[in-house]
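*Asks:*
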Amino acid sequence: MSETSQRLITELPLVDALFDEHAERFGKQQSAYRNHVYRVINLVLAQRPINDQELEQLQIAAFFHDAGIWLAGTFDYLEPSARLADHYLEEHQRLDWQERIRAMIFNHHKLSAYARGADDLVEAFRRADWIDVSLGLLRFGVPMARIRTIKHKFPNTGFHLLLAKLSGQQLLSQPWRPLPMLRR
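Residue 134 in this note's numbering is what sits at position 113 of the sequence shown, and the numbering runs on without skipping anything.
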(Lines of atoms letter the chains of each structure in order from A; the text may use other names.)
(Lines give C-alpha, C1' and ligand atoms only; values in the text may rest on other atoms or scores of the structure.)
Protein backbone atom coordinates (compact mmCIF):
# COMPACT_ATOMS: atom_id res chain seq x y z
CA MET A 22 0.00 0.00 0.00
CA SER A 23 1.12 3.53 -0.62
CA GLU A 24 2.02 6.03 2.06
CA THR A 25 -1.21 7.94 1.30
CA SER A 26 -3.34 4.88 2.01
CA GLN A 27 -1.51 4.25 5.32
CA ARG A 28 -1.79 7.69 6.89
CA LEU A 29 -5.00 9.19 8.14
CA ILE A 30 -6.00 12.40 6.36
CA THR A 31 -7.36 14.82 8.94
CA GLU A 32 -7.29 18.12 7.05
CA LEU A 33 -8.12 18.89 3.45
CA PRO A 34 -8.22 22.61 2.61
CA LEU A 35 -10.70 22.10 -0.26
CA VAL A 36 -13.18 20.12 1.86
CA ASP A 37 -12.81 22.53 4.76
CA ALA A 38 -13.32 25.56 2.47
CA LEU A 39 -16.50 24.02 1.06
CA PHE A 40 -17.83 23.42 4.56
CA ASP A 41 -16.91 26.98 5.58
CA GLU A 42 -18.68 28.35 2.50
CA HIS A 43 -21.89 26.46 3.32
CA ALA A 44 -21.70 26.42 7.14
CA GLU A 45 -24.99 28.25 7.59
CA ARG A 46 -26.90 25.71 5.48
CA PHE A 47 -25.51 22.72 7.42
CA GLY A 48 -26.13 24.35 10.79
CA LYS A 49 -25.72 22.06 13.77
CA GLN A 50 -25.49 19.01 11.47
CA GLN A 51 -22.24 20.19 9.85
CA SER A 52 -20.02 18.17 12.17
CA ALA A 53 -21.99 14.99 11.47
CA TYR A 54 -21.72 15.38 7.70
CA ARG A 55 -18.13 16.67 7.78
CA ASN A 56 -17.03 13.60 9.73
CA HIS A 57 -18.89 11.34 7.27
CA VAL A 58 -17.08 13.03 4.36
CA TYR A 59 -13.68 12.55 6.04
CA ARG A 60 -14.52 8.93 6.91
CA VAL A 61 -15.45 8.21 3.29
CA ILE A 62 -12.26 9.84 1.96
CA ASN A 63 -10.10 7.87 4.38
CA LEU A 64 -11.96 4.65 3.57
CA VAL A 65 -11.24 5.17 -0.13
CA LEU A 66 -7.56 5.65 0.73
CA ALA A 67 -7.65 2.44 2.77
CA GLN A 68 -8.61 0.58 -0.42
CA ARG A 69 -6.26 2.02 -3.02
CA PRO A 70 -3.52 4.58 -3.62
CA ILE A 71 -4.57 7.76 -5.40
CA ASN A 72 -2.73 10.54 -7.17
CA ASP A 73 -3.14 14.29 -6.54
CA GLN A 74 -5.78 14.73 -9.26
CA GLU A 75 -7.83 11.81 -7.92
CA LEU A 76 -7.56 13.24 -4.40
CA GLU A 77 -9.03 16.53 -5.61
CA GLN A 78 -11.80 14.69 -7.47
CA LEU A 79 -12.46 12.57 -4.38
CA GLN A 80 -12.78 15.66 -2.19
CA ILE A 81 -15.32 17.25 -4.54
CA ALA A 82 -17.38 14.07 -4.86
CA ALA A 83 -17.22 13.37 -1.13
CA PHE A 84 -18.36 16.86 -0.19
CA PHE A 85 -21.23 16.95 -2.67
CA HIS A 86 -22.41 13.31 -2.62
CA ASP A 87 -25.07 13.87 0.08
CA ALA A 88 -24.94 17.68 0.21
CA GLY A 89 -28.30 18.07 -1.53
CA ILE A 90 -29.94 17.09 1.77
CA TRP A 91 -28.83 20.44 3.20
CA LEU A 92 -28.00 22.64 0.23
CA ALA A 93 -31.12 21.77 -1.79
CA GLY A 94 -33.28 20.96 1.22
CA THR A 95 -34.41 17.53 0.05
CA PHE A 96 -33.95 13.90 1.02
CA ASP A 97 -34.31 13.10 -2.68
CA TYR A 98 -30.76 14.36 -2.96
CA LEU A 99 -28.87 12.47 -5.68
CA GLU A 100 -29.76 14.70 -8.63
CA PRO A 101 -29.54 17.96 -6.61
CA SER A 102 -26.16 16.87 -5.23
CA ALA A 103 -24.89 16.14 -8.75
CA ARG A 104 -26.15 19.53 -9.97
CA LEU A 105 -24.35 21.28 -7.10
CA ALA A 106 -21.14 19.44 -8.01
CA ASP A 107 -21.63 20.36 -11.68
CA HIS A 108 -21.98 24.02 -10.73
CA TYR A 109 -18.80 23.84 -8.64
CA LEU A 110 -16.91 22.15 -11.49
CA GLU A 111 -18.11 24.78 -13.96
CA GLU A 112 -17.05 27.62 -11.66
CA HIS A 113 -13.59 26.07 -11.30
CA GLN A 114 -13.11 25.11 -14.97
CA ARG A 115 -13.11 21.38 -14.20
CA LEU A 116 -15.91 20.18 -16.48
CA ASP A 117 -13.59 17.42 -17.73
CA TRP A 118 -14.07 15.80 -14.30
CA GLN A 119 -17.86 15.95 -14.48
CA GLU A 120 -18.47 12.40 -15.73
CA ARG A 121 -16.37 10.76 -13.00
CA ILE A 122 -17.73 12.91 -10.17
CA ARG A 123 -21.33 12.42 -11.31
CA ALA A 124 -20.66 8.66 -11.45
CA MET A 125 -19.34 8.77 -7.88
CA ILE A 126 -22.40 10.67 -6.67
CA PHE A 127 -25.03 8.68 -8.56
CA ASN A 128 -23.52 5.28 -7.74
CA HIS A 129 -22.50 5.68 -4.11
CA HIS A 130 -25.62 3.78 -2.93
CA LYS A 131 -25.49 1.15 -5.68
CA LEU A 132 -25.96 -2.30 -4.15
CA SER A 133 -23.78 -4.12 -6.67
CA ALA A 134 -20.29 -3.29 -7.91
CA TYR A 135 -19.80 -0.39 -10.29
CA ALA A 136 -18.43 -1.93 -13.48
CA ARG A 137 -19.13 0.63 -16.19
CA GLY A 138 -15.79 1.71 -17.63
CA ALA A 139 -14.02 -0.14 -14.80
CA ASP A 140 -13.34 3.15 -12.96
CA ASP A 141 -12.03 1.80 -9.71
CA LEU A 142 -12.17 5.21 -7.97
CA VAL A 143 -15.95 5.18 -8.45
CA GLU A 144 -16.09 1.65 -7.06
CA ALA A 145 -13.78 2.49 -4.12
CA PHE A 146 -16.02 5.48 -3.34
CA ARG A 147 -19.15 3.28 -3.46
CA ARG A 148 -17.54 0.77 -1.13
CA ALA A 149 -16.31 3.47 1.25
CA ASP A 150 -19.78 4.94 1.62
CA TRP A 151 -21.26 1.49 2.25
CA ILE A 152 -18.56 0.73 4.84
CA ASP A 153 -19.43 3.92 6.66
CA VAL A 154 -23.21 3.70 6.35
CA SER A 155 -23.16 0.05 7.50
CA LEU A 156 -21.02 1.04 10.52
CA GLY A 157 -18.31 -1.36 9.31
CA LEU A 158 -20.56 -4.40 8.90
CA LEU A 159 -19.56 -4.30 5.24
CA ARG A 160 -15.77 -3.98 4.94
CA PHE A 161 -14.77 -4.89 1.36
CA GLY A 162 -11.37 -6.03 2.60
CA VAL A 163 -10.60 -2.97 4.72
CA PRO A 164 -9.27 -4.20 8.07
CA MET A 165 -11.57 -3.55 11.03
CA ALA A 166 -8.66 -1.95 12.89
CA ARG A 167 -8.38 0.66 10.12
CA ILE A 168 -12.13 1.32 10.21
CA ARG A 169 -11.97 1.77 14.01
CA THR A 170 -9.06 4.22 13.68
CA ILE A 171 -11.00 6.29 11.14
CA LYS A 172 -14.19 6.20 13.22
CA HIS A 173 -12.25 7.21 16.35
CA LYS A 174 -10.76 10.26 14.62
CA PHE A 175 -14.07 11.19 12.92
CA PRO A 176 -16.85 10.08 15.26
CA ASN A 177 -20.40 9.59 14.09
CA THR A 178 -21.79 12.67 15.92
CA GLY A 179 -25.33 11.76 14.95
CA PHE A 180 -24.92 11.13 11.21
CA HIS A 181 -26.48 7.67 11.20
CA LEU A 182 -29.29 8.81 13.50
CA LEU A 183 -29.98 11.67 11.07
CA LEU A 184 -30.16 9.21 8.15
CA ALA A 185 -32.55 6.99 10.08
CA LYS A 186 -34.73 9.99 10.98
CA LEU A 187 -34.84 11.29 7.38
CA SER A 188 -35.56 7.79 6.06
CA GLY A 189 -38.39 7.36 8.56
CA GLN A 190 -39.87 10.74 7.65
CA GLN A 191 -39.86 9.87 3.97
CA LEU A 192 -41.34 6.42 4.57
CA LEU A 193 -44.17 7.98 6.58
CA SER A 194 -44.87 10.87 4.22
CA GLN A 195 -44.28 9.07 0.88
CA PRO A 196 -44.34 5.29 1.46
CA TRP A 197 -44.72 4.65 -2.28
CA ARG A 198 -41.47 6.48 -3.11
CA PRO A 199 -38.26 4.45 -2.66
CA LEU A 200 -35.54 5.92 -0.49
CA PRO A 201 -32.73 7.57 -2.51
CA MET A 202 -30.27 4.85 -1.57
CA LEU A 203 -32.55 2.20 -3.10
CA ARG A 204 -33.13 3.86 -6.47
CA ARG A 205 -29.82 3.18 -8.17
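Just so you know, even glycine gets a beta-carbon here, dropped at the ideal spot from N, CA and C.
Express the C-alpha separation of ALA134 and GLY162 in angstroms, rounding to a whole number.
*Replies:* As a first step, residue 162 is located in the sequence shown; it is residue number 141 there, counting from the start. As a first step, residue 134 is located in the sequence shown; it is residue number 113 there, counting from the start. Each residue's Cα considered, the two are about 14 Å apart.
*Asks:* So, under 8 Å CB-CB, ARG123 and ALA145 are touching, yes? Tell me the CB distance rounded to an integer number of Å.
*Replies:* For the purposes of this step, residue 123 is taken as residue 102 along the sequence shown, with counting starting at 1. For the purposes of this step, residue 145 is taken as residue 124 along the sequence shown, with counting starting at 1. So it is not a contact: roughly 16 Å between Cβ atoms.
*Asks:* Which runs of the alpha helix (DSSP H) fall wholly inside the region 85-116 and span at least 4 residues, in chain order?
*Replies:* Counting only runs of 4 or more, we get 89-92 and 99-112.
*Asks:* Tell me whether the beta-carbon of GLN78 lies closer than 8 Å to the beta-carbon of ALA149.
*Replies:* Taking the first residue of the sequence shown as position 1, residue 78 is located at position 57. Taking the first residue of the sequence shown as position 1, residue 149 is located at position 128. Result no, Cβ atoms of GLN78 and ALA149 do not sit closer than 8 Å.
*Asks:* With DSSP collapsed to three states, give me the class of ALA82.
*Replies:* Residue 82 sits at position 61 when you count from the first residue of the sequence shown. Helix, per DSSP.
*Asks:* So, VAL154 versus PHE84, is the Cβ gap smaller than 8 Å?
*Replies:* Residue numbering aside, residue 154 sits at position 133 when the sequence shown is read from its first letter. Residue numbering aside, residue 84 sits at position 63 when the sequence shown is read from its first letter. The answer is no: Cβ separation not under 8 Å.
*Asks:* With 16 other CB atoms within 10 Å as the buried threshold, where does GLN114 fall?
*Replies:* Here the question's residue 114 lines up with position 93 in the sequence shown. GLN114 is exposed by the Cβ-count criterion.
*Asks:* Where does ALA44 land, buried or exposed, given buried means 16+ other C-beta within 10 angstroms?
*Replies:* Taking the first residue of the sequence shown as position 1, residue 44 is located at position 23. By the 10 Å Cβ count, ALA44 comes out exposed.
*Asks:* Taking contact to mean at least 3 C-beta pairs separated by less than 8 Å, is the region 164-176 in contact with the region 105-121?
*Replies:* Contact between the region 164-176 and the region 105-121 is absent, because fewer than three Cβ pairs lie under 8 Å.
*Asks:* Going by C-alpha distance, which of LEU158, PHE127, LYS186 and LEU156 is nearest PRO101?
*Replies:* In the sequence shown, residue 101 corresponds to position 80, counting from 1. For PRO101, the nearest C-alpha among the options comes from PHE127.
*Asks:* Keeping to the same chain, check which residues put their C-beta closer than 8 Å to that of ARG221; ignore five residues upstream and five downstream.
*Replies:* The question about residue 221 has no answer, for the chain in this structure spans 22 to 205.
*Asks:* Looking only at its chain, what residues have a beta carbon closer than 7 Å to the beta carbon of HIS129, apart from the 5 residues adjacent to it on each side?
*Replies:* Taking the sequence shown and counting its residues from 1, one reaches residue 129 at position 108. Hits under 7 Å: HIS86, PHE146, ARG147 and ASP150.
*Asks:* Rounded to whole angstroms, what is the Cα-Cα separation between ILE152 and LEU142?
*Replies:* Taking the first residue of the sequence shown as 1, we reach residue 152 at position 131. Taking the first residue of the sequence shown as 1, we reach residue 142 at position 121. Their backbone Cα atoms lie some 15 Å apart in a straight line.
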